[in-house]
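Sequence lines, in order, name chains A and B.
Read left to right, the first sequence gives residues 14 to 508 (the numbering used here).
Read left to right, the second sequence gives residues 73 to 397 (the numbering used here).
Just so you know, even glycine gets a beta-carbon here, dropped at the ideal spot from N, CA and C.
Please read these numbers as outputs of a predicted model, since none were measured by experiment.
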Amino acid sequence: MDTLQHLVSGFAAALSPAYLTYALAGCALGTLIGVLPGLGPAAGTAILIPLTFKLDPTGAIIMLSAIYYGAMYGGTITSVLINVPGEAASVVTCIDGHQMAKQGRGGTALGIAAIGSFVGGIVATVALVVVAPPLAKLALRFGPPEFFALMLFGLCLVSGLAGRSMLAALLMTVLGLLLAMIGIDPVRGAPRFAFDVPDLYDGIGFIPVVMGLFGISEILLAAEAPALAAVRTRLSRLLPSREEWRRSIGAIWRGTGIGFFLGLIPGIGSIVPTFMAYVAEKRLSKTPERFGRGAIEGVAAPESANNAYANAAMIPFLTLGIPSSPTIAVLMGAFIINGITPGPFLFQERPDLVWAVIASFFVGNVILLALNLPLVGLWAKLLEVRFEYLAVGVLLFCLVGAYSLQQSIFDVWVMIAFGVVGYVFRKLELPLAPLVLGLILGSPIEKSLRTSLEMSGGDYSIFLTRPLCVGLLIASSVVLIGSALKLAPKTLREA
Amino acid sequence: MIKALAKVAVSAAALLAACVAVAQQFPERPIQLMVAFPAGGSTDVGARVVASIAEKILGKPMVVINRGGAGGQVGWTEMARQKPDGYYLGYINLPATNTVILDPERKANFGADAFVPIINQVLDPGIVWVRADSPYKTLKDLVDAAKKSPNTIRTATTGILSDDHLAILMLEEAALGAIFRIVHLAGGADQLKEILGGNVDVAFDNVGSIAPRVRSGELRALAVMDHQRSKFLPDVPTMKEVGYPSVISSSTRGIAAPRGVPPAVLKTLEAALRKAMEDPEHIQKLESAGLAIKIMVGEEYAKYYRETHEQAKKYTEWAKSRAHK
Numbered sequence: 014m015d016t017l018q019h020l021v022s023g024f025a026a027a028l029s030p031a032y033l034t035y036a037l038a039g040c041a042l043g044t045l046i047g048v049l050p051g052l053g054p055a056a057g058t059a060i061l062i063p064l065t066f067k068l069d070p071t072g073a074i075i076m077l078s079a080i081y082y083g084a085m086y087g088g089t090i091t092s093v094l095i096n097v098p099g100e101a102a103s104v105v106t107c108i109d110g111h112q113m114a115k116q117g118r119g120g121t122a123l124g125i126a127a128i129g130s131f132v133g134g135i136v137a138t139v140a141l142v143v144v145a146p147p148l149a150k151l152a153l154r155f156g157p158p159e160f161f162a163l164m165l166f167g168l169c170l171v172s173g174l175a176g177r178s179m180l181a182a183l184l185m186t187v188l189g190l191l192l193a194m195i196g197i198d199p200v201r202g203a204p205r206f207a208f209d210v211p212d213l214y215d216g217i218g219f220i221p222v223v224m225g226l227f228g229i230s231e232i233l234l235a236a237e238a239p240a241l242a243a244v245r246t247r248l249s250r251l252l253p254s255r256e257e258w259r260r261s262i263g264a265i266w267r268g269t270g271i272g273f274f275l276g277l278i279p280g281i282g283s284i285v286p287t288f289m290a291y292v293a294e295k296r297l298s299k300t301p302e303r304f305g306r307g308a309i310e311g312v313a314a315p316e317s318a319n320n321a322y323a324n325a326a327m328i329p330f331l332t333l334g335i336p337s338s339p340t341i342a343v344l345m346g347a348f349i350i351n352g353i354t355p356g357p358f359l360f361q362e363r364p365d366l367v368w369a370v371i372a373s374f375f376v377g378n379v380i381l382l383a384l385n386l387p388l389v390g391l392w393a394k395l396l397e398v399r400f401e402y403l404a405v406g407v408l409l410f411c412l413v414g415a416y417s418l419q420q421s422i423f424d425v426w427v428m429i430a431f432g433v434v435g436y437v438f439r440k441l442e443l444p445l446a447p448l449v450l451g452l453i454l455g456s457p458i459e460k461s462l463r464t465s466l467e468m469s470g471g472d473y474s475i476f477l478t479r480p481l482c483v484g485l486l487i488a489s490s491v492v493l494i495g496s497a498l499k500l501a502p503k504t505l506r507e508a
Numbered sequence: 073m074i075k076a077l078a079k080v081a082v083s084a085a086a087l088l089a090a091c092v093a094v095a096q097q098f099p100e101r102p103i104q105l106m107v108a109f110p111a112g113g114s115t116d117v118g119a120r121v122v123a124s125i126a127e128k129i130l131g132k133p134m135v136v137i138n139r140g141g142a143g144g145q146v147g148w149t150e151m152a153r154q155k156p157d158g159y160y161l162g163y164i165n166l167p168a169t170n171t172v173i174l175d176p177e178r179k180a181n182f183g184a185d186a187f188v189p190i191i192n193q194v195l196d197p198g199i200v201w202v203r204a205d206s207p208y209k210t211l212k213d214l215v216d217a218a219k220k221s222p223n224t225i226r227t228a229t230t231g232i233l234s235d236d237h238l239a240i241l242m243l244e245e246a247a248l249g250a251i252f253r254i255v256h257l258a259g260g261a262d263q264l265k266e267i268l269g270g271n272v273d274v275a276f277d278n279v280g281s282i283a284p285r286v287r288s289g290e291l292r293a294l295a296v297m298d299h300q301r302s303k304f305l306p307d308v309p310t311m312k313e314v315g316y317p318s319v320i321s322s323s324t325r326g327i328a329a330p331r332g333v334p335p336a337v338l339k340t341l342e343a344a345l346r347k348a349m350e351d352p353e354h355i356q357k358l359e360s361a362g363l364a365i366k367i368m369v370g371e372e373y374a375k376y377y378r379e380t381h382e383q384a385k386k387y388t389e390w391a392k393s394r395a396h397k
């Protein structure tokens, strides 16, 4: 009852003209940040913090949060249209989203992404209101050993990303893990495989690699056969057909669930939930062969997961004061600079602020939908631009994006190199998604493994004495054995 | 002869005038201020506040650029090879900058003399803290437990060879027989998560990041590693008060330039940055973020840099040779 009252007054505040304007401005800026590759939500939010110095704390936080979830949606647009993820969490969307665009269904892909994001965001926010504090406490039991087991589980799911050959997928995963090894060892601090090149000390940047693998290689492939690259989107087909709806609804709900639960666990990051949602859809599907060829579930699930994650990640932040992603850490900086400490006492000390911000999450998600659905048609028109012009634009866009990451020309070279690598791999029909998954999971797996062993003084039994950890390890072995059984006969058949 | 002398004097005066003119002209274009950590961290917050005030004083934009990664090494490596013209400044975080230089495994390609300290902005003292319901009520409880069952108390740092890591070694040195089981976490947020989740028993960090939570009663601080009590936490005793006067540790953030910047330019920068840091807006913004301002300029800061380096050297060597890593 009390909660409801607070929420109502929160809405009254969030719907006041000033705060509504901040939310609108934040959503628009966020979408722009999302569209620009390289400039991710974390850096984008940080750069815009000074903009909010002049606002009151509530207004500042409403605007910065809106930038955050706006960016989560914006990244989708370029993933679908030009196969370049605008921010890291939209990598998975490239796989089927861009295929849909090539089939003239780009508008539908963007539409379902907007709707999925909306559902994910709203559901996660409702959950934030209803069940937040106890859930957040529970999620804290997820220590380094459980985290390790979860990441291992994620790695076992790679089989779900395999195209024709499971062996090729495994090969690509290992390659991704090896690439993740480059740079300064996360625990001991010694450089590995860096060959005394300072630029490599921080490892190979994830974003330039992905932009190269997907975006640049796309241009190279299309340049070979420009006739095939011409795409025409029928404007009448912006909203999903009945059949597409039927396929998407389940995917949206499952994606939302996965994104929400993973959002509760601090440190997961925004990319893993999208991968898990995608793989879950593919595994559950009766027609997994459609995935990678423009399956609408392959867009709906990760996009819902993405926004559910973004909003759910606010739960450990608001209730415990633990920033669970780099972007939220930036938001936390904005809270602190305004003299507000997020944590268990925030709800008692500043209910006006907390509830206005939570109410603004609802408002913001509605704004995003209203902002993006009408624009979908406009974005889709971009695909009608002739390839010669579009390719140059995309290339320029990627170059500037890679450079803007940290003003480093090295990142540009990394992107170009991986563009060529991606081109070769695609010609050889080696799947790219497992490589990306290995690259993402490599560092957190290593770090959580070693932190766990530091906790136990080097005793491996720590993984077998914690129930949650054991459960996850069993789940991983089930998935692994299941995939292995599938692998054997297939290889035999091919042989 | 006199004529010659006069000539020399005149040309010397001309040269001086030219120098002054150059100094007066500085800055002619935007100044970059590098932060060796990602956007949004506490060094970054401080940098953005000071830059927004200093650029009004200098009359040219001061742009904060984040070159995070490898515990600051990426940014400092880049800073060390910049042209020393005063248009590229950067934050040095002592003792993190020192340990990156000192740890042979890091293979840093710059030395302590690569940077000229200009002005220190923040000194954040170390602090030992536990969960509010922890069995360790005082530092004595903790040290006694660490002596009674050595290498069992899971103790979090904010990274290998961070100031917090060195502080644990200092406490072990001062309290002979006490051994902590060191767990290297990535930062303050991770410490909070693992302590609240019961995966780690005690954390070594800095006052700024946790003071509000100690005040609210959510966490308990056992001791502050400074000569006097922190004004953010007046109820928490210092290490000296609890019997370990040698355990003094802090993390500082200050602005430096690559070696070789003309003295006149340095003076201009020092004066402008000092004025910016003494500005009420700067003081208010930093204090509300829990960052204790400690302005040190010129020789005072340079001396602090050298002393920190010597001290860090001892503990870095010790950390590397410690049996329980």
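Should residue i be flagged as near chain A, meaning a C-beta pair shorter than 8 Å?
{"i": "S323 of chain B", "result": "no"}
{"i": "K385 of chain B", "result": "no"}
{"i": "H237 of chain B", "result": "no"}
{"i": "A93 of chain B", "result": "Since pLDDT at A93 of chain B reaches only 49, below the 50 mark, its modelled position is unreliable, and the value read off the structure follows with that caveat. Chain A, which has no Cβ nearer than 8 Å to the Cβ of A93 of chain B, makes this no."}
{"i": "D196 of chain B", "result": "no"}
{"i": "P284 of chain B", "result": "yes"}
{"i": "Q145 of chain B", "result": "yes"}
{"i": "D307 of chain B", "result": "no"}
{"i": "V333 of chain B", "result": "no"}
Using a Cβ-Cβ distance under 8 Å, would residue i count as near chain B?
{"i": "Y214 of chain A", "result": "yes"}
{"i": "T354 of chain A", "result": "yes"}
{"i": "Q420 of chain A", "result": "yes"}
{"i": "F161 of chain A", "result": "no"}
{"i": "L141 of chain A", "result": "no"}
{"i": "R154 of chain A", "result": "yes"}
{"i": "D209 of chain A", "result": "yes"}
{"i": "V437 of chain A", "result": "no"}
{"i": "V367 of chain A", "result": "no"}
{"i": "F423 of chain A", "result": "no"}
{"i": "P279 of chain A", "result": "yes"}
Anyone know if the C-beta pair for residue i and residue j falls short of 8 Å?
{"i": "A218 of chain B", "j": "F276 of chain B", "result": "no"}
{"i": "T91 of chain A", "j": "G83 of chain A", "result": "no"}
{"i": "S322 of chain B", "j": "L195 of chain B", "result": "yes"}
{"i": "F227 of chain A", "j": "N96 of chain A", "result": "yes"}
{"i": "T149 of chain B", "j": "P211 of chain A", "result": "yes"}
{"i": "L363 of chain B", "j": "I190 of chain B", "result": "no"}
{"i": "G340 of chain A", "j": "P54 of chain A", "result": "One point to set straight first is that residue 340 of chain A is Thr, not Gly, in the sequence displayed. Yes, they are a contact pair."}
{"i": "G276 of chain A", "j": "A313 of chain A", "result": "no"}
{"i": "A149 of chain A", "j": "E177 of chain B", "result": "no"}
Mind checking who residue i pairs with in its DSSP beta bridge?
{"i": "Q104 of chain B", "result": "B:V135, B:Y160"}
{"i": "G196 of chain A", "result": "A:R205"}
{"i": "H299 of chain B", "result": "None; H299 of chain B has no bridge partner."}
{"i": "I256 of chain B", "result": "Reading off the sequence, residue 256 of chain B comes out as His, not Ile. Bridge partners of H256 of chain B: B:T229."}
{"i": "N271 of chain B", "result": "BP columns for N271 of chain B are empty, so no partner."}
{"i": "D277 of chain B", "result": "B:I199"}
{"i": "P330 of chain B", "result": "B:F187"}
{"i": "I135 of chain A", "result": "None, per the DSSP bridge assignment."}
For a contact defined as C-beta to C-beta under 7 Å, what are the partners of residue i on chain D?
{"i": "A261 of chain B", "result": "No chain D is part of this structure, whose protein chains are labelled A and B."}
Can you give, in chain order, each stretch of the beta strand (DSSP E) that sits fully within the region 152 to 222 of chain B and has at least 3 residues? You should have 160 to 166, 187 to 203.
Is the region 316 to 324 of chain A close to the region 131 to 151 of chain A, with three or more CB pairs under 8 Å? Look at the beta carbons and you see the region 316 to 324 of chain A touching the region 131 to 151 of chain A: at least three pairs across the two are nearer than 8 Å.
Every unbroken alpha helix (DSSP H) inside the region 303 to 364 of chain A [4 residues or more]: Residue ranges of uninterrupted alpha helix (DSSP H) with 4 or more members, entirely inside the region 303 to 364 of chain A and ordered along the chain, are 310 to 325, 327 to 333, 339 to 350, 359 to 362.
For the structure I just gave you, are there three or more beta carbon pairs, one from the region 329 to 344 of chain B and one from the region 181 to 200 of chain B, closer than 8 Å? The region 329 to 344 of chain B makes contact with the region 181 to 200 of chain B, as at least three CB pairs between them are under 8 Å.
Quick test of the definition: if touching needs 3 or more C-beta pairs under 8 Å, does the region 480 to 488 of chain A touch the region 179 to 195 of chain A? Too few Cβ pairs lie closer than 8 Å, so no.
Can we say the region 121 to 129 of chain B touches the region 148 to 163 of chain B, given the rule of at least three CB pairs closer than 8 Å? As far as the Cβ criterion goes, the region 121 to 129 of chain B does not touch the region 148 to 163 of chain B, which means the pair count is below three.
How do the region 365 to 385 of chain A and the region 70 to 80 of chain A stand: do at least 3 beta-carbon pairs fall below 8 Å, yes or no? Yes, the region 365 to 385 of chain A is in contact with the region 70 to 80 of chain A.
Tell me whether the region 437 to 454 of chain A and the region 189 to 196 of chain A touch, counting them as touching only if at least three CB pairs, one residue from each stretch, are closer than 8 Å. Here the region 437 to 454 of chain A makes contact with the region 189 to 196 of chain A; the two share three or more CB pairs at distances below 8 Å.
Would you say the region 152 to 168 of chain A touches the region 460 to 474 of chain A, given that touching needs at least three Cβ pairs under 8 Å? Contact between the region 152 to 168 of chain A and the region 460 to 474 of chain A is present, because at least three Cβ pairs lie under 8 Å.
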